[in-house]
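Participant: Under our numbering, residues 1031 to 1228 are what the sequence shown spells out, in order. Positions of the beta carbon are idealized from the N, C-alpha and C atoms, including for glycine. Since we're looking at a predicted model, the values are computed, not measured.
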Amino acid sequence: MRIVLIHGYKASSQTNFFPWLADELREKGHEVIVLDLPNADAPDPEEWTKVLVEAVRYVDDETIILGHSIGGAEALRFLEAVEARSTPHGVILVSTPWMIGDEKFRGFFLSELDFDVLMWKASKFIVVHSRDDKVIPFDHAEKYADVLHATLVERNEGEGHFQGESYPVLLALVEKLANTEIICDPGEGLEYQFEGIV
């Protein structure tokens, strides 16, 4: 499986859980693409999308995309822009903000995403959010889960905004998704297959 990891604001490929998750996934035989996106202190969504599209080039049914925080919002923009050779296997949004108006991030939400179309651009969406996230309220996750017909993974284990060095739940979700056979059309609900992880 080809796994694209997208960091968030003031982050990089070497911060938070990204080095650990990338190493773990590579050890399990996956190809991992994790970039240092430019100007992470003042992110420009058009610049981030351009860099991602140039580096990743295409997505297909062997692709999983995981975005953290504003990187989750970027994952959706990237999904709209990149060449899809077939429907990507899945998208995981971790602690992702919903339409925030802060000047620093307004560009990520200025152009309204077409969720009626977007929900068909991946076979499976998973939204992961902790109830004790002090940065992004939990109801943001509920909104994404609703519009994307996503599996909502509610956490109560003290993960906060997922800014620590390792989260076994994220590794388990990626692995479970990678091993899930997609047997229905994108946008259709799949039977809940993440028992024991959450």
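1) Cβ atoms of A1114 and V1089: under 7 angstroms apart, would you say?
2) Report the CB separation of V1086 from V1034 in whole angstroms; it is logged as a contact under 8 angstroms.
3) Of the residues P1073, L1051, L1082, which one's Cα is nearest the Cα of E1205?
4) Using a Cβ-Cβ cut-off of 7 angstroms (strictly less than) and excluding sequence neighbours within five positions of G1188, which residues of its own chain qualify?
5) Going by C-alpha distance, which of F1048, I1122, D1071 is nearest K1151?
6) Taking 7 angstroms as the CB-CB cut-off, is G1038 touching chain B?
7) Helix or strand or just coil, what does DSSP make of A1014?
8) Does the stretch 1183-1198 come within contact of the stretch 1039-1055, defined as at least 3 CB pairs closer than 8 angstroms?
9) Identify which residue in P1075, L1203, S1153, N1186 has its Cα closest to the Cα of H1179.
10) Tell me which same chain residues have a C-beta within less than 6 angstroms of the C-beta of L1082, skipping the five on either side of it?
11) Ends of the alpha helix (DSSP H) at E1104?
12) For the beta strand (DSSP E) holding T1181, just list the boundary residues, first then last.
Facilitator: Inspection of the coordinates gives the following:
1) Yes, they are a contact pair.
2) About 6 angstroms separates the two Cβ atoms, so the contact holds.
3) When C-alpha distances from E1205 are compared across P1073, L1051, L1082, the shortest belongs to L1051.
4) Shown here for G1188: same chain residues with a beta carbon closer than 7 angstroms to its own, the five before and five after excluded, namely D1162 in chain order.
5) That would be I1122, whose Cα lies nearest to the Cα of K1151.
6) Structure shown: chain B not included; a single protein chain is present.
7) Outside the displayed range of the chain (1031 to 1228) lies residue 1014, so it cannot be described from this structure.
8) The stretch 1183-1198 makes contact with the stretch 1039-1055: 3 or more CB pairs, one atom from each, lie closer than 8 angstroms.
9) Comparing Cα positions, the closest option is S1153.
10) F1108.
11) Run containing E1104: 1100-1111, per the alpha helix (DSSP H) assignment.
12) The continuous beta strand (DSSP E) containing T1181 extends over residues 1181-1185.
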